[in-house]
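Anchor point for the sequence shown: position 7 equals 385 in our numbering, and the numbering is continuous, going up by one each time.
One structure below.
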Amino acid sequence: MSLLEVKNISKKFQFPGKKEIYVLKDINFNINEGEIVSILGPSGSGKSTLIRIIAGLIKPDEGVVLYRNKVVTDVNPGVSIVFQNFGLFPWLTVEENVLLGLISKDIPIEEKKERALKVIDIVGLDGFEKAYPKELSGGMKQRVGFARALVVEPDILIMDEPFSSLDILTSENLKNDLLELWIGNKIPTKAIVLITHNIEEAVYMSDRVIIISKDPGKIIEEIDIKIPHWRDKNSPKFLSLIDRIYTTLTGGEIEREKEILKASKEILVVPYARVGAITGFVELISDLGGKTDLFKIGTELYINLEDLLPVVEASELIGFTNYKQGDVELTEDGEKFVEADVLKKKEIFREKVLENVFLIKQIVRVLKSKANKRISEDFFLDILERRLTRSEAEKQLDILIDWGRYAELFTYDDETDELILEEEAETHLEK
Ligand code: ADP
Ligand code: MG
């Protein structure tokens, strides 16, 4: 049976200096009784916005949410949410924090307490009823978060990246405990929606994965995971599902980046990746034989997709690697770069960024045109701010300076907040 229907949901937000932009566009899916569904997407793809809409906390611009066939117009009575940052009140005990879940319910206090104590026991916090959050570890705090959501006995338990602020071991424990409660019917919850950007987690936990892309958040694929619990993370089936989802996610991102690049030679942004990360990445690909499956790097090194993507994109922009359908391959220049000594590396890097990175070229051009070969960073920040927010512009400049410094093209003077052309840069440029 369908518990929840999300129909044609779209949502726009006002972004600084820009018109309204769609964060979510034409989202359609159902949540059925008896299933765990993951919603998987990169950060900023609108996942939290989507669950706020489902919970009835904010209104969509288009579309409706139906809970048990009724349009949700106010707070959705059928769902409760577990948040990433626990959301506990430090001055309340575990028991009092859990009781908060029932604050709006018209139930005698004795019964509320009974339910709270029972659920505290279920999540494994028996004995910690009177403890304060500061006395608890991260994993235990999140158990309180679970208890507070479960005490309501919601039809649908929604979890917004509930494991992502925990260390790996703790989060594995918590995932397994939650699955055990679910599989063993120890909680009355009828369906679980898990928001995550972790592919392995989605494949491990859920019956169905809904993948959403960014700008705007759109469903790009839906995959049924037909593996019985408990799942073996090293089984070929498990790994091939991860591989497939990884390709869908990275493929979308990188192809889109390439389109933007093609559309405009004057690309005004660089991926947020420092030289150290780019060289490390290129060397790793070389160590792995010059070509590798991108998802393997992610899973083996426990790197999040979001942390890895800018590095992949930067190394592609500069011209050291090529990405195609899930594989990253070293280019000829990439190989040369790996084999070169320190000085030669800088030289290759310099040539490549001057060839391929519009902003680096622009900065060098402007600096050369100045008699004193220096210019205030505000000059560039102002230009960048026409398209970006102040903090994005600062991050951009930060990366550009990092690249420029390594390439020995320009540096940054902390005292005057100026960019300065490197003395040797002009000779490099004449070559
Ligand atoms: P996710 O949870 O997938 O990381 P969010 O739903 O939190 O994504 O945010 C999606 C985008 O919408 C982001 O760019 C975010 O900055 C923007 N956004 C979220 N809430 C608001 C809001 N209330 N006003 C303006 N922009 C918002
Ligand atoms: Mg979020």
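All C-beta atoms in this analysis are idealised placements derived from N, C-alpha and C, irrespective of residue type, glycine included.
Going by Cα to Cα distance, which pick from the options is closest to residue i?
i              : options                           : result
valine 742     : Lys714, Phe673 and Tyr790         : Tyr790
aspartate 439  : Lys390, Glu474, Gly502 and Asp776 : Lys390
arginine 586   : Asp593, Ile577, Ser769 and Lys702 : Ile577
valine 653     : Ile681, Thr628, Ser416 and Glu691 : Glu691
leucine 819    : Ala749, Gln740, Ile598 and Leu466 : Examination of residue 819 is not possible in this model, given that the chain is present from 379 through 809 alone.
glycine 595    : Ala580, Leu627 and Asp602         : Leu627
leucine 477    : Thr670, Phe524 and Thr427         : Phe524
glutamate 555  : Ser584, Arg521 and Ala651         : Looking at the sequence shown, residue 555 is not glutamate but aspartate. Taking only the C-alpha atoms, the option nearest aspartate 555 is Arg521.
threonine 451  : Leu466, Phe467, Gly434 and Gly465 : Gly434
leucine 552    : Val581, Asp533, Ala569 and Lys519 : Lys519
threonine 657  : Glu411, Glu717 and Asp499         : Glu717
glutamate 684  : Gly668, Ser591 and Glu558         : Ser591
tryptophan 469 : Glu513, Phe616 and Gly424         : Glu513
leucine 617    : Ala749, Gly629 and Glu579         : Glu579
valine 720     : Tyr784, Lys491, Gly668 and Asn475 : Tyr784
leucine 559    : Val689, Ile605 and Gly502         : Gly502
leucine 572    : Tyr400, Ser426, Gln392 and Ala771 : Ser426
glycine 861    : Gly668, Val497, Pro511 and Thr574 : Since the displayed the chain opens at 379 and closes at 809, residue 861 lies outside it and no answer follows.
Suppose the cutoff is 8 Å on Cβ atoms and the five residues either side in sequence are ignored; what does the same chain contact list for residue i look like?
i                 : result
glutamate 796     : Arg752, Ile753, Ser754, Glu755 and Tyr790
isoleucine 811    : This structure cannot speak to residue 811, because the chain is shown only from 379 to 809.
glutamate 786     : Lys724, Arg728, Glu800, Glu802, Ala803 and His806
isoleucine 387    : Leu402, Asp404, Ile405, Asn406, Leu428, Ile431, Pro438, Glu440, Gly441, Val442 and Val443
phenylalanine 788 : Ile741, Val742, Leu745, Ile779, Gly782, Leu797, Ile798, Leu799, Glu800 and Ala803
threonine 794     : Arg752 and Ser754
methionine 379    : Asn410 and Glu411
glycine 697       : Thr709, Asp711, Gly712, Lys730, Glu733 and Asn734
isoleucine 500    : Ala525, Leu528, Leu559, Lys564 and Ile565
Starting from the C-beta of residue i, find all residues in its chain whose C-beta is less than 6 Å away, skip the five residues before and the five after it, and write them out in chain order.
i                 : result
tyrosine 445      : Leu382, Asn454 and Gly456
arginine 430      : Ile436
phenylalanine 407 : Val384 and Ile588
tyrosine 582      : Arg609
alanine 509       : Val472
isoleucine 601    : Val587
alanine 494       : Glu473, Val476, Leu477 and Val529
leucine 619       : Val581
Short of 7 Å in beta carbon distance, which residues of its chain neighbour residue i, apart from the five on each side in sequence? Order them along the chain.
i                 : result
glycine 516       : Ser543, Leu544 and Thr548
aspartate 780     : Arg652 and Val653
lysine 448        : none
lysine 773        : Tyr650
aspartate 792     : none
proline 532       : Gly456, Val457, Ser458 and Thr567
glutamine 392     : Glu398
isoleucine 605    : Lys615 and Phe616
phenylalanine 541 : Ser549, Leu552, Lys553 and Glu579
Tell me whether residue i counts as near the ligand NAP, meaning its Cβ is closer than 6 Å to at least one heavy atom of that ligand.
i          : result
serine 482 : Because the ligand NAP does not appear in the structure shown, any question about it cannot be addressed here, the ligands present being the ligand ADP and the ligand MG.
Three CB pairs or more closer than 8 Å across the segment 752-770 and the segment 694-714: no
Contact between the segment 667-679 and the segment 723-733 (3+ Cβ pairs under 8 Å): no
Any residue whose CB is nearer than 5 Å to a heavy atom belonging to the ligand ADP, listed in chain order: Phe391, Val401, Ser421, Gly422, Ser423, Gly424, Lys425, Ser426 and Thr427
At least three beta-carbon pairs within less than 8 Å, the segment 481-501 to the segment 432-444: Under the three-pair Cβ rule at 8 Å, the segment 481-501 does not count as touching the segment 432-444.
Between the segment 556-567 and the segment 393-407, can you find at least three pairs of beta-carbon atoms closer than 8 Å? Contact fails: fewer than three Cβ-Cβ distances are below 8 Å.
Would the segment 457-475 and the segment 530-542 be scored as touching if the rule is three or more Cβ pairs under 8 Å? yes
Take every Cβ of the segment 414-428, pair it with every Cβ of the segment 523-532, and state whether three or more of those distances are shorter than 8 Å. no
I'd like the ranges of any beta strand (DSSP E) spanning at least 3 consecutive residues and lying wholly in the segment 534-571. 534-538, all fully within the segment 534-571.
Mind listing, in chain order, the continuous beta strand (DSSP E) runs of no fewer than 3 residues lying wholly within the segment 451-516? 457-460
At a cut of 8 Å, does the segment 603-621 reach the segment 659-667 through at least three beta carbon pairs? no
Can you check the segment 573-597 for any alpha helix (DSSP H) of at least 4 residues that lies completely inside it and give the ranges in chain order? 577-583
May I have a chain-ordered list of the alpha helix (DSSP H) segments no shorter than 4 residues that lie completely inside the segment 678-707? 683-696, all fully within the segment 678-707.
Mind listing, in chain order, the continuous beta strand (DSSP E) runs of no fewer than 3 residues lying wholly within the segment 413-443? 414-418
As an exercise, report each continuous beta strand (DSSP E) stretch of at least 3 residues that is fully enclosed by the segment 724-801, in chain order. 752-754, 788-791 and 796-799
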